[in-house]
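One structure is given here, and the rest of the page talks about it.
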Amino acid sequence: MLLPTVNRLPRIGCCLTLVALSVLLLHARSGSGAVVTDHDRVVTCYISTWAVYRTGSASYPLDAFDPTLCTHAIYAFAGLDEEKNAIKSLDAWQDLKDNYGKGGYEKLTGMRAANPHLKVLLAIGGWNEGSEKYSNLAANPERRQAFVKNALDFVKQYGFDGLDLDWEYPTQRGGKPADRENFVALVRELSQLFRKHNLLLTSAFGAGKDTIDSAYDVKALSKYLDFLHIMCYDYKGSWDGRIGPNAPLTSRDFLNVEYSIEHLLELGAPASKLVLGLPFYGRTFVSPMAKARLGDTSDKVGFAGPSTKENGFMGYNEVCEELKRNPDDWTLEWDAAASEMVAIKSNGTASQVVVYDSTRSIANKVRFAVRQKLAGLMVWSVDTDDFNGLCAPEADTYKDFGGAGLTIPPPVSGKYPLLKTISNAVLVATDEQTQENVIPNGPEEVPSAGGTSTGPSGAASVAGASWLLSVVLLVATVTVTVRTL
């Protein structure tokens, strides 16, 4: 009976070592939170570079970006020059150094010198660029060929590590049914050239079922993209005429995070390439109901945040600062199914409502991503986190986590609470899952951040020294346990 005992004990030792290592990391960084080199998941951070033009404390210069909290930074957005079939800057004064410009491209890529783990990509597209111009480009083989060459030249000229395609969306908004096939051709041709130069190619995907099914040949695109950034937000908003969750983890319909990810997996996307998108903002509503709730009717246009000034939109920083200034005006309710916070302000006859992701929301979605073995998380966007550290810590971040003996870090304080919660939650969720699997099956394998991806997106560029340390400790634990027997 010696053999079964020998087989089981090393596995327990391995698990306990990994748990202990994560606990040490959490305690060591309890004041500021974990950083991305403490784990092996992707944390991709979009920066909406026009945020620099916001007023007051909401203005976001690139100097405010913290590269220790992200594995990949994406500069959003560049546009398409239709005449030249090339990438063009949409804000030359902000992006370039020409004519005494601010040199945003160089400033962001320059952060790699002190942060060698960081990859910096340029995003082309976005909502305001529309779909029709990209549809026309993708449909023409000669134009595609010219764009592929010009895109490579642009990315290399400005020192980016790759390109993120944010076509919103193939087959929609002026697109054509053939976009689905043509997008694959464009991605394939870009990938073939980019891989020769060790450059990354990623794409942002809409998360609604109808968009996924009509716009994307998921299995084919997954062959050529290093990562698929799934925009798991904007499922519902004031445009529906009804108060609904922006980014629900679960719901009774198809419009939720869990369904989107599971549907993509069923369509052939490898988990090792899927990056789950998190919103650092809420959707706002104006309702004629005196005490409005989710599901109640609303106006077709929501109210705007004081700094972002976009109807129906409020950054997390704007939300938390408003709650700090006027706590008695708002009622906070947690929606367990959506895993989102609902803030309600009533004047007795009508209501304003914000549905947003708190640190608890972020932690629960990270937990889902870890359990699905996804490559990691993506955020839109870092400039609407509480990057100034003006708001109080949220004490309920891990309220939905379980397991006796699970070490929970203290509430994140200071700057970037949502972004810091991601890396903390990766460690907590991994520990939770490891504890669940100590007996009888031993530790469950966690995929590398890069999975089967090629080029600079591989696990070695993301995992960092902490992963190597855990391997050394794991081997040592196994050796000691076996010899003790």
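Numbering (mature numbering (1 follows the signal peptide of the UniProt record, and there is no 0)), first residue to last: -33 to -1, 1 to 452. Ideal Cβ positions, reconstructed from N, Cα and C, are used throughout, including at glycine. Only a predicted model underlies this, so the values are computations on that prediction, with no experimental measurement involved.
query = Among ALA305, SER318 and LEU243, which has the Cα closest to the Cα of residue 453?
reply = No information on residue 453 is available, as it lies outside the stretch -33 to 452 that the chain covers here.
inquiry  = Is ASP295 close to chain E? Criterion is C-beta to C-beta, closer than 7 Å.
reply    = Although the question refers to chain E, the structure presented lacks it and comprises just one protein chain.
message = As an exercise, report each continuous alpha helix (DSSP H) stretch of at least 4 residues that is fully enclosed by the region 11 to 76, in chain order.
response = Counting only runs of 4 or more, we get 59 to 62 and 71 to 76.
ask   = Is it true that the CB of SER239 sits closer than 7 Å to the CB of SER254?
value = As a first step, residue 254 must be located in the sequence shown, where it is residue number 287. As a first step, residue 239 must be located in the sequence shown, where it is residue number 272. No, these two residues do not count as a Cβ contact at 7 Å.
task = Check whether the region 335 to 354 touches the region 380 to 398, taking contact to mean three or more Cβ pairs, one atom from each stretch, closer than 8 Å.
result = yes
task = Kindly indicate the opening and closing residues of the beta strand (DSSP E) around LYS86.
result = Reading the sequence shown from its first residue, position 119 is the one you call residue 86. Under the DSSP assignment, LYS86 falls in the beta strand (DSSP E) whose first and last residues are 86 to 92.
Euclidean distance between Cα positions of TYR226 and ALA81 = Counting from 1 along the sequence shown, the entry for residue 226 is found at position 259. Counting from 1 along the sequence shown, the entry for residue 81 is found at position 114. Looking at the two C-alpha atoms, the distance is approximately 39 Å.
query = Closest by CA to MET281, which one among LYS258, PRO246 and GLY315?
reply = Your numbering for residue 281 matches position 314 in the sequence shown. Of the listed residues, the one whose Cα sits closest to MET281 is PRO246.
message = I need the boundaries of the alpha helix (DSSP H) containing GLU307, first residue and last residue.
response = Translated into the one-based positions of the sequence shown, residue 307 becomes position 340. First-last for GLU307: 307 to 313, but that is the beta strand (DSSP E), not the alpha helix (DSSP H).
ask   = CB SER181 to CB LEU132, shorter than 7 Å?
value = Numbered from its first residue, the sequence shown carries residue 181 at position 214. Numbered from its first residue, the sequence shown carries residue 132 at position 165. It is not a contact, given that the beta carbons lie outside the stated cut-off.
task = Using the DSSP secondary-structure output, state which residues sit across from GLN319 in a beta bridge.
result = The residue labelled residue 319 in the question sits at position 352 within the sequence shown. For GLN319, which the question treats as bridged, DSSP gives the partners VAL253 and LYS312.
task = Would you list the one or two residues that DSSP bridges to TYR248?
result = Taking the sequence shown and counting its residues from 1, one reaches residue 248 at position 281. According to DSSP, which records beta bridges pairwise, TYR248 is partnered with GLY282.
message = Beta-carbon within less than 8 Å of ALA362's beta-carbon, same chain only, minus the 5 sequence neighbours each way: which residues are those?
response = In the sequence shown, the residue the question calls residue 362 occupies position 395. Leaving aside the five residues that flank ALA362 on each side, the residues in its chain whose CB is nearer than 8 Å to its CB run, in chain order, PRO378.
ask   = For the putative contact between GLU96 and PHE172, defined by C-beta atoms under 8 Å, what is the C-beta separation to the nearest angstrom?
value = Here residue 96 refers to the residue found at position 129 of the sequence shown. Here residue 172 refers to the residue found at position 205 of the sequence shown. GLU96 to PHE172, Cβ: 16 Å. No contact.
query = Under the three-state reduction of DSSP, which class applies to HIS164: helix, strand or coil?
reply = Along the sequence shown, one-based indexing puts residue 164 at 197. HIS164 falls in the coil class under three-state DSSP.
inquiry  = Residues in the same chain with beta-carbon distance under 8 Å from GLY315, minus the five sequence neighbours each way, listed in chain order, please.
reply    = Mapped onto the sequence shown, residue 315 falls at position 348. Around GLY315: ALA257.
inquiry  = Report the CB separation of CYS358 from LYS291 in whole angstroms; it is logged as a contact under 8 Å.
reply    = On the sequence shown, position 391 is the one that residue 358 refers to. On the sequence shown, position 324 is the one that residue 291 refers to. The Cβ separation is near 6 Å, so the contact holds.
task = Sort TYR67, TYR42, PHE114 and VAL286 by Cα distance to VAL154 and report the nearest one.
result = Taking the first residue of the sequence shown as position 1, residue 154 is located at position 187. When C-alpha distances from VAL154 are compared across TYR67, TYR42, PHE114 and VAL286, the shortest belongs to PHE114.
query = Does the region 103 to 113 come close enough to the region 148 to 163 to have 3 or more Cβ pairs within less than 8 Å?
reply = yes
task = Check ARG79 in the structure and name its three-state DSSP category.
result = In the sequence shown, the residue the question calls residue 79 occupies position 112. In the structure shown, ARG79 sits in a helix (DSSP, three-state: H, G or I).
key: DSSP beta-bridge partners of GLY381   = For the purposes of this step, residue 381 is taken as the residue at position 414 of the sequence shown. Note: GLY381 sits in no beta bridge, so no partner.
key: Range of the contiguous alpha helix (DSSP H) that encloses ASP120   = Mapped onto the sequence shown, residue 120 falls at position 153. It spans 108 to 124 - the alpha helix (DSSP H) in which ASP120 sits, taken as one unbroken run.
ask   = Terminal residues of the continuous alpha helix (DSSP H) containing VAL224?
value = Taking the sequence shown and counting its residues from 1, the one referred to as residue 224 is at position 257. Its alpha helix (DSSP H) spans residues 224 to 233.
ask   = Taking the alpha carbon of GLY211 as the point to measure from, which residue in GLU99, LEU231, VAL321 and SER56 has its own alpha carbon closest?
value = Residue numbering aside, residue 211 sits at position 244 when the sequence shown is read from its first letter. Among GLU99, LEU231, VAL321 and SER56, the Cα nearest to that of GLY211 belongs to VAL321.
key: Supposed contact pair TYR125 and TYR72 - C-beta distance, whole angstroms, cut 8 Å   = As a position in the sequence shown, residue 72 is number 105, starting the count at 1. As a position in the sequence shown, residue 125 is number 158, starting the count at 1. Between TYR125 and TYR72 the Cβ distance is about 4 Å, and since that is below 8 Å, they are a contact.
query = Is the beta carbon of LEU89 less than 7 Å from the beta carbon of PHE127?
reply = Stepping through the sequence shown from its first residue, residue 89 is reached at position 122. Stepping through the sequence shown from its first residue, residue 127 is reached at position 160. Yes, Cβ-Cβ distance for LEU89 and PHE127 is below 7 Å.
inquiry  = For a quick check, are the C-beta atoms of LYS74 and GLN61 less than 7 Å apart?
reply    = On the sequence shown, residue 74 is found 107 positions in, with the first residue counted as 1. On the sequence shown, residue 61 is found 94 positions in, with the first residue counted as 1. In this structure, GLN61 does not lie closer than 7 Å to LYS74 by Cβ.
key: Buried versus exposed, by CB contacts within 10 Å (16 or more), LEU216   = The count along the sequence shown starts at 1 and reaches residue 216 at position 249. Its Cβ being crowded by 16 or more others within 10 Å, LEU216 is buried.
Bridge partners - SER170, DSSP secondary structure assignment = By 1-based counting over the sequence shown, the position of residue 170 is 203. Its beta-bridge partners are LEU132 and LEU195.
ask   = alpha helix (DSSP H) containing ASP177: first to last residue?
value = Stepping through the sequence shown from its first residue, residue 177 is reached at position 210. Where ASP177 is concerned, the enclosing alpha helix (DSSP H) stretches over 176 to 182.
task = Check each candidate in ALA259, THR11 and PHE221 and name the one with the smallest Cα separation from GLY208.
result = By one-based count along the sequence shown, residue 208 stands at place 241. Ranking the options by Cα distance to GLY208, first place goes to ALA259.
key: Per-residue DSSP class, three states only, for ASP302   = On the sequence shown, residue 302 is found 335 positions in, with the first residue counted as 1. Reduced to three states, the DSSP call for ASP302 is strand.
task = Could you name the residues that DSSP lists as bridge partners for THR351?
result = As a first step, residue 351 must be located in the sequence shown, where it is residue number 384. Paired residue(s): none; THR351 is not in a bridge.
request  = Determine the direct distance from the alpha carbon of GLY372 to that of SER218, and round the result to whole angstroms.
outcome  = As a working mapping, residue 218 is identified with position 251 in the sequence shown. As a working mapping, residue 372 is identified with position 405 in the sequence shown. Spanning the two alpha carbons is a distance of roughly 31 Å.
message = Once the 5 residues before and after ARG334 are set aside, which same chain residues still bring their CB inside 6 Å of it?
response = The residue you call residue 334 lines up with position 367 of the sequence shown. Excluding residues within five positions, the ones whose Cβ falls inside 6 Å are ALA396.
inquiry  = Which residue marks the beginning of the alpha helix (DSSP H) containing ILE329, and which one marks its end?
reply    = By 1-based counting over the sequence shown, the position of residue 329 is 362. First-last of the alpha helix (DSSP H) with ILE329: 326 to 338.
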